[in-house]
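**Student:** Structure below; questions to follow.
Protein chains in written order, with the numbering used here: chain C, 20 to 221; chain E, 20 to 221.
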């Protein structure tokens, strides 16, 4: 297997942290997004949506979508479990991972894409939408801070894929200048703890 | 168990079709979205994000997020499999379900939310973003039409949750007047076939 990916983007980073938590090493090929390597005919043949990461199987087929790639590795190497431990727990982790996608990573990504000069000429930017995403994620971080008052991780007392999603979202926030508000101590405590994990800091 | 849901919204509909495909019947409680029943204190206690559907377990805890609810039922009643049949197939279904969320349902929902009078006063609308979503989904339907040239269903030769997601998205498109383009015969053939299934039409 081979992973076509890039060092500096939130979705590839989700997969890199996931694999590091599992202790899985895999051959990887850097795709130069700034140089539009993802728009080459060769890469479009791997993923017509032109996004990284993409996993190449040994039979020459491809798997795109970060969470699909993570789920595949969860199945072939279940330990440590990052998608939950039984039917109920897996459903709760799924709920929180999706909430972190739609309310945190998705909003911060929306702000970045629609407000930052990097995306000029790459996508049609709607700056008002970028600012709406910025306002939304600040509300959502206040909500999440309350949720985190009595637990260590996003989906409960165990580190899961939902922590990876939320962390990569908030880390991306540095570019469009979205920070955890000062009165969100629970969220900041969690963010610092995740940031110190070997899979993230190493 | 009890499902708090509504008859006329795409995400609840995903769960209803999923349960019908499984042959699962469950007690359901209608939440009146037009009357803002989802904003009541009682409902917010079930899901702080104020969205339907929400599954209540018999121990009084709650599970939100349509796909989390579907995954729970997939685990407790695996037949017929709607999330794939082995590690590779489940990863492929996950990829396609996510693509259908981000490229079809998400774009059509974005157009509806940001362009339709129903949402005036309910959310901050950015009409230019709604129109961007409309243009994007037309491109994506053309791409998907090509993908569907040689297969019966979105993720391969078996009906899966990815078909449910895509169908509920395209069905929602009637409201903001997004239709399958006339030159997308493969997609139209698939849409008509899914629409005729007892789980959808019944």
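For every residue, glycine included, the Cβ atom is placed at its ideal position computed from N, Cα and C.
1) Around the Cβ of residue 140 (chain E), are there at least 16 other Cβ atoms within 10 angstroms (buried) or fewer (exposed)?
2) Would you mind working out which of C:157, C:84, C:217 sits nearest residue 202 (chain C), comparing C-alpha positions?
3) Report yes if the CB atom of residue 50 (chain C) is closer than 8 Å to the CB atom of residue 23 (chain C), and no otherwise.
4) Report back the beta-carbon spacing between residue 99 (chain C) and residue 171 (chain C) to the nearest angstrom; my notes put them in contact at under 8 Å.
5) From residue 209 (chain E) to residue 28 (chain E), what does the alpha carbon distance come to, in whole angstroms?
6) Starting from the Cα of residue 26 (chain C), find the closest Cα among C:212, C:187, C:206 and give me that residue.
7) Can you find at least 3 beta carbon pairs, one from the stretch 103–120 of chain E and one from the stretch 83–93 of chain C, that sit closer than 8 Å?
8) Using a beta-carbon distance below 8 Å, is residue 161 (chain E) in contact with chain C?
9) Residues of the stretch 90–107 of chain E in Cβ contact with chain C at a cutoff of 8 Å, in chain order, please.
10) So which residues of chain C does residue 60 (chain E) contact, with C-beta pairs closer than 9 Å?
11) On the three-pair Cβ rule with 8 Å, is the stretch 59–78 of chain E touching the stretch 120–140 of chain E?
12) Can you pull the chain E residues whose beta carbon is under 7 Å from the beta carbon of residue 87 (chain C), in chain order?
13) Please say whether residue 123 (chain C) and residue 159 (chain C) have beta carbons closer to each other than 8 Å?
14) Run through chain C and tell me which residues come within less than 8 Å of residue 67 (chain E), C-beta to C-beta.
15) Closest to residue 204 (chain C) by CA distance: which of C:153, C:193, C:164, C:220 is it?
16) With C-beta atoms as the reference, is residue 191 (chain C) less than 8 Å away from residue 127 (chain C)?
17) DSSP three-state call for residue 34 (chain E): helix, strand or coil?
18) In the DSSP output, which residue or residues are listed as bridge partners for residue 137 (chain C)?
19) For residue 145 (chain C), go through chain E and note every residue whose CB falls closer than 7 Å to its CB, in chain order.
20) By a C-beta neighbour count over all protein chains shown, 10 Å radius and 16 as the cutoff for buried, is residue 53 (chain E) buried or exposed?
21) What does the alpha-carbon distance come out to for the pair residue 35 (chain C) and residue 206 (chain E)?
22) CA-CA distance, residue 166 (chain E) and residue 102 (chain C)?
23) How close, in whole Å, do the beta carbons of residue 143 (chain C) and residue 151 (chain E) come, if the pair is a contact with beta carbons under 8 Å?
24) Would you say residue 49 (chain E) reaches chain A, if we count a Cβ-Cβ gap shorter than 8 Å as a contact?
25) My guess is that residue 46 (chain E) and residue 21 (chain E) are in contact by the Cβ rule of under 8 Å, so how many angstroms apart are they, rounded?
26) Residue 135 (chain C) and residue 173 (chain C) - do their beta-carbons sit closer together than 8 Å?
27) Relative to the C-alpha of residue 37 (chain C), which residue among C:199, C:91, C:80 is closest?
28) Below 8 Å on C-beta distance, what does residue 75 (chain E) contact in chain C?
29) Rounded to a whole number of angstroms, what is the C-alpha to C-alpha distance between residue 178 (chain C) and residue 97 (chain C)?
30) Any Cβ of chain C within less than 8 Å of the Cβ of residue 229 (chain E)?
31) Rounded to whole angstroms, what is the Cα-Cα separation between residue 215 (chain C) and residue 161 (chain C)?
32) Using only CA atoms, which one of C:138, C:198, C:68 lies nearest to residue 154 (chain C)?
33) Name the one or two DSSP bridge partners that residue 22 (chain E) has.
34) Where in the stretch 51–105 of chain C do unbroken runs of the alpha helix (DSSP H), each at least 4 residues long, occur, reported from the N-terminal end onward?
35) Leaving out five residues before and five after residue 120 (chain E) in sequence, what residues of the same chain have Cβ atoms less than 7 Å from its Cβ?
36) Using a Cβ-Cβ cutoff of less than 6 Å, which residues in the same chain neighbour residue 83 (chain E) once the five nearest sequence positions on both sides are dropped?
**Tutor:** Let me lay it out:
1) Classification for residue 140 (chain E): exposed.
2) Relative to residue 202 (chain C), the option among C:157, C:84, C:217 whose CA is nearest is C:157.
3) The answer is yes: Cβ separation under 8 Å.
4) Rounded, the Cβ-Cβ distance is 15 Å, inconsistent with contact.
5) Going from the Cα of residue 209 (chain E) to the Cα of residue 28 (chain E) covers about 21 Å.
6) Closest in alpha carbon position to residue 26 (chain C), among C:212, C:187, C:206, is C:187.
7) Three or more Cβ pairs closer than 8 Å define a contact, and the stretch 103–120 of chain E meets that threshold against the stretch 83–93 of chain C.
8) The beta carbon of residue 161 (chain E) does not come within 8 Å of any beta carbon belonging to chain C, so the residue lies off that interface.
9) Within the stretch 90–107 of chain E, the residues whose Cβ lies closer than 8 Å to some Cβ of chain C are 90, 91, 94, 95, 106, 107, listed in chain order.
10) None at all; the shortest Cβ gap to chain C is about 15 Å.
11) No, they do not touch.
12) Near residue 87 (chain C) (Cβ distances below 7 Å), the residues of chain E are 110, 113, 114, 117.
13) Yes; because the gap between Cβ atoms is below 8 Å, this pair is in contact.
14) Here the neighbours are 162, 166.
15) Checking every option, the nearest Cα to that of residue 204 (chain C) belongs to C:164.
16) Yes, Cβ-Cβ distance for residue 191 (chain C) and residue 127 (chain C) is below 8 Å.
17) In the structure shown, residue 34 (chain E) sits in a helix (DSSP, three-state: H, G or I).
18) Its beta-bridge partners do not exist; DSSP assigns none.
19) For a Cβ distance threshold of 7 Å, residue set 145, 147, 148, 151 of chain E lies close to residue 145 (chain C), ordered along the chain.
20) Burial state of residue 53 (chain E) is exposed, judged by a 10 Å Cβ sphere holding fewer than 16 other Cβ atoms.
21) Near 35 Å, if we compare the C-alpha coordinates of residue 206 (chain E) and residue 35 (chain C).
22) Within the model, the alpha-carbon separation for residue 166 (chain E) versus residue 102 (chain C) is close to 30 Å.
23) About 6 Å separates the two Cβ atoms, so the contact holds.
24) You won't find chain A in this structure, because its protein chains are C and E.
25) Confirmed, about 5 Å.
26) No Cβ-Cβ contact shorter than 8 Å links residue 173 (chain C) with residue 135 (chain C).
27) Checking every option, the nearest Cα to that of residue 37 (chain C) belongs to C:91.
28) Neighbours of residue 75 (chain E) on chain C: none; closest Cβ ~13 Å, over 8 Å.
29) Between the alpha carbons of residue 178 (chain C) and residue 97 (chain C) lies a gap of roughly 14 Å.
30) Beyond the ends of chain E as shown, which are 20 and 221, falls residue 229 (chain E); an answer cannot be given.
31) Distance between the alpha carbons of residue 215 (chain C) and residue 161 (chain C) is about 22 Å.
32) Considering only alpha carbons, the answer is C:198.
33) Paired residues: E:47, E:74.
34) The stretch 51–105 of chain C contains these whole alpha helix (DSSP H) runs: 60–65, 85–95.
35) Excluding five sequence positions before and after residue 120 (chain E), the CB atoms of its chain that fall closer than 7 Å to its own CB belong to 184, given in chain order.
36) Here the set comprises 66, 73.
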